[in-house]
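S.K.: Quick one: structure below, then a few questions.
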Amino acid sequence: MLDIKRIVEDKEVVKKALLKRMEEKDFNLDEITDAYDERKEKQQEYDNLRAKQKGFNDQMSKVEKGSDEFKKLIVELKNLSEEVKEAEEELREAEEELKKKLEVLPNLPDDDVVGGGKENNRVIREIGEKPEFGFKIKDHLEIGEGLGMIDMDRATKMAGSNFAMYTGLGAQLEWAMINYFISEHIKDGYKMILPPHLLVEESGYTAGQLPKFKDDVYWVQDGSMLLPTAETALANIYRNELLNEADLPIKLFGYTPCYRREAGGYRANERGLLRMHQFNKVEMFQYTTPEQSEAALEELLNKATNLVDGLGLHYRVSQLAAADCSAGAAKTYDVEVWLPYLQTYYEVSSISNVRDYQARRGNIKYKTGEGDNKYVHMLNASGLATSRLMVAVLETYQNEDGSLTVPKALQQFVGKEKIEKGK
RNA sequence: GGAGAGAUGUCUGAGUGGUCGAAAGAGAUGCUCUCGAAAAGCAUUAUCCGGGAAACCGGAUCGAGGGUUCGAAUCCCUCUCUCUCCGCCA
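If you use the UniProt record's numbering, the first sequence corresponds to residues 1 to 423, in order.
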């Protein structure tokens, strides 16, 4: 949620920032400031009427009940009461109207974020080299299924399309990655969280996924949603709470599966583990002061790339153009690993500074040393999405004989250096 | 799942229709005292919206939403959550 005052005071600046990620026809700031003025007016009317009404309280308490004077006052006050109720209703409507217009606006991109969509994403770092193979390589499914690590057919039988089942060493390898990430985050002083997976609607709203993405999440019968990412949970830990400045930054990470309907459908080549209704992800999260958040974003980026480095995969880091950032993000980096079979880079981590966007939606503040209450800044970063990394690991570490070398960092967790057929 | 009790400010907790944004205590902060600290005394101590340069003024907020009433923290209804007892169960 954007700060309405910012829109009122700096309309042109806000407009210019939004134009980096939206087309002019898709938003209208004048409508918003009009709605704000309308609300202000309705509030004034209501406040005045209420003040008048409350002014009679003293008098009423002193007049004898049932006396002529009492009866006379009642008649007058009944009318006033009606007016107050009308004004209250109008105020409520004006407030709702303003909120409705305001909450659909995405965050303002940072100054150093370029405008436009995907095509303007800027690769800022490229690490390692595309692996060379002296043989015809297989895709991750062929390797994984060949080694008994993944069973797509049976997963589909029990769950429907676009679900995967990890079996045997496949499950162990997936879990090894999670373990590896967890141990690194703990080393870095991040606090581990295992949150609920079913969340109330309000949580989706605070994280910024609702109302926009209501068709992309799974809903269960009593009105809760299955979280599409641990971020949704981690962004709600302190909802409606007041934190202390001394406690910031708060650094957390959580592991959950991510459940997504992927309502848009699939591209033909996104087979196997690339886009699933359920995938595993370790998510990092920080609550900071406004002054701390930019450094925190860089810290999270470094943590994410360190993990990919540890796996020995080739990857690049992109800074996303405004329209490619998720709605809440002011600035986003993507870490994309190289997939040898598809000959393309795929996102395994998205690192975003949402600044106070989620904090406004969830009313999350901190008390400064001076005693002011200010909105916290919040940052989220995958650290990392393991199911997609599995694709890169399977393809990058495949051997000509169909076996798989286990990346060094994972060997202690898998208990093997190599995965071979039938062994 | 059944029965009951409850939800008030940073915390504990009083408040059953008007003078209540809310007693009292704790905590915190400031001042006095002190070489310093403790103790003691005094003072201050919610957030949001609107107006104002400011002092300050008006309004909202006592779990959430609705209702009754001229008037609601207080009465009624619904919901959420917490606690106790019983049942059931990883």
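Note that beta-carbon positions come from the ideal geometry of N, C-alpha and C, so glycine has one too.
Bear in mind that the values here come from a model prediction, so they are computed numbers and not experimental data.
Where Glu132 and Gly310 are concerned, what is the direct C-alpha to C-alpha distance, given to the nearest angstrom?
M.R.: Whole-angstrom Cα-Cα distance: 19 Å.
S.K.: Considering only C-alpha positions, which residue in the set Lys11, Lys281, Arg260, Ser403 is nearest to Leu194?
M.R.: For Leu194, the nearest C-alpha among the options comes from Lys281.
S.K.: Taking the alpha-carbon of Gly254 as reference, which of Thr344, Ala385, Glu241, Val84 has the nearest alpha-carbon?
M.R.: With distances taken between Cα atoms, Gly254 lies closest to Ala385.
S.K.: Report yes if the C-beta distance between Leu98 and Leu18 is below 8 Å; otherwise report no.
M.R.: It is not a contact, given that the beta carbons lie outside the stated cut-off.
S.K.: For Ala155, count neighbouring Cβ atoms within 10 angstroms of its own Cβ and tell me buried if that reaches 16, exposed if not.
M.R.: So Ala155 ends up on the buried side.
S.K.: Start and end of the alpha helix (DSSP H) containing Leu297?
M.R.: Element bounds for Leu297: 293-311.
S.K.: Tell me whether Glu89 counts as near the ligand GTP, meaning its Cβ is closer than 7 Å to at least one heavy atom of that ligand.
M.R.: Only the bare structure without any ligand can be found here, which leaves the ligand GTP out of the picture.
S.K.: Give me the Cα-Cα distance between Leu248 and Ser350, rounded to the nearest whole angstrom.
M.R.: Spanning the two alpha carbons is a distance of roughly 22 Å.
S.K.: Ignoring anything shorter than 4 residues or poking outside the stretch 134-189, list the alpha helix (DSSP H) runs there in chain order.
M.R.: Fully enclosed alpha helix (DSSP H) runs of 4 or longer: 140-146, 152-159, 169-187.
S.K.: Do Glu347 and His140 count as a contact pair if the criterion is CB distance below 8 Å?
M.R.: Cβ distance not < 8 Å, so His140 and Glu347 don't count as in contact.
S.K.: Going by DSSP, which residues form a beta bridge with His197?
M.R.: None; His197 has no bridge partner.
S.K.: Can you tell me the Cβ-Cβ gap for Ile124 and Gln292, rounded? I've got them flagged as a contact below 8 Å.
M.R.: Actually they are not in contact, since the Cβ atoms of Ile124 and Gln292 sit about 22 Å apart, beyond 8 Å.
S.K.: Buried or exposed for Thr344, please, with buried defined as at least 16 other CB atoms from any protein chain shown within 10 angstroms of its CB.
M.R.: That one is exposed.
S.K.: Which stretch, first to last residue, makes up the alpha helix (DSSP H) that contains Lys5?
M.R.: 4-9 is the extent of the alpha helix (DSSP H) around Lys5.
S.K.: Tell me whether His213 sits in a helix, a strand or coil according to DSSP, three-state version.
M.R.: First, the amino acid is wrong: residue 213 is Phe here, not His. If DSSP states are grouped into helix, strand and coil, Phe213 belongs with coil.
S.K.: Can you tell me the Cα-Cα spacing of Asp110 and Lys52, whole angstroms?
M.R.: Cα-Cα distance, rounded: 46 Å.
S.K.: So, helix, strand or coil for Val348, using DSSP?
M.R.: Looking at Val348 - three-state DSSP - the assignment turns out to be strand.
S.K.: Could you name the residues of the same chain whose beta carbon sits closer than 8 Å to that of Val414, not counting the 5 residues immediately before and after it, in chain order?
M.R.: Contacts found: Leu169, Gln172, Leu173, Ala176, Val406.
S.K.: In this structure, how does DSSP classify Tyr36 when only helix, strand and coil are distinguished?
M.R.: Three-state DSSP puts Tyr36 in a helix.
S.K.: Counting pairs of beta carbons, one from the stretch 28-45 and one from the stretch 86-103, are three or more of them closer than 8 Å?
M.R.: The answer is yes - the stretch 86-103 touches the stretch 28-45, with three or more Cβ pairs under 8 Å.
S.K.: Based on the DSSP output, what are the partners of Cys258 in its beta bridges?
M.R.: DSSP lists Phe279 as partners of Cys258.
S.K.: What does the alpha-carbon distance come out to for the pair Glu93 and Arg39?
M.R.: Computed Cα separation, rounded: 9 Å.
S.K.: From Glu336, Gly371, Arg316, Asn380, pick the residue whose C-alpha is nearest to that of Val354; which is it?
M.R.: With distances taken between Cα atoms, Val354 lies closest to Asn380.
S.K.: Taking only three categories from DSSP, how would you classify Gln286?
M.R.: It is a strand residue.
S.K.: If you follow the alpha helix (DSSP H) that Thr368 is part of, which residue opens it and which one closes it?
M.R.: Where Thr368 is concerned, there is no enclosing alpha helix (DSSP H), given that its DSSP letter is neither H nor E.
S.K.: If distances are taken between C-alpha atoms only, which option among Asn363, Lys42, Asp222 comes closest to Ala87?
M.R.: The option with the nearest alpha carbon to Ala87 is Lys42.
S.K.: Is the beta carbon of Lys365 less than 8 Å from the beta carbon of Tyr375?
M.R.: In this structure, Tyr375 lies closer than 8 Å to Lys365 by Cβ.
S.K.: According to DSSP, is Leu243 part of a helix, a strand, or is it coil?
M.R.: In the structure shown, Leu243 sits in a strand (DSSP, three-state: E or B).
S.K.: Which same chain residues end up closer than 7 Å to Ile137 when comparing Cβ atoms and leaving out the 5 residues on each side of it in sequence?
M.R.: So the list reads Pro340, Tyr341, Glu395, Gln398, once near-sequence residues are dropped.
S.K.: Could you check what DSSP says for Ile237 in three-state terms: helix, strand or coil?
M.R.: Reduced to three states, the DSSP call for Ile237 is coil.
S.K.: Counting along the chain, where does the beta strand (DSSP E) carrying Met60 start and finish?
M.R.: Taken as a continuous stretch (DSSP letters only), Met60 belongs to no beta strand (DSSP E), being part of the alpha helix (DSSP H) at 57-62.
S.K.: Helix, strand or coil for Thr229 per DSSP?
M.R.: Thr229 falls in the coil class under three-state DSSP.
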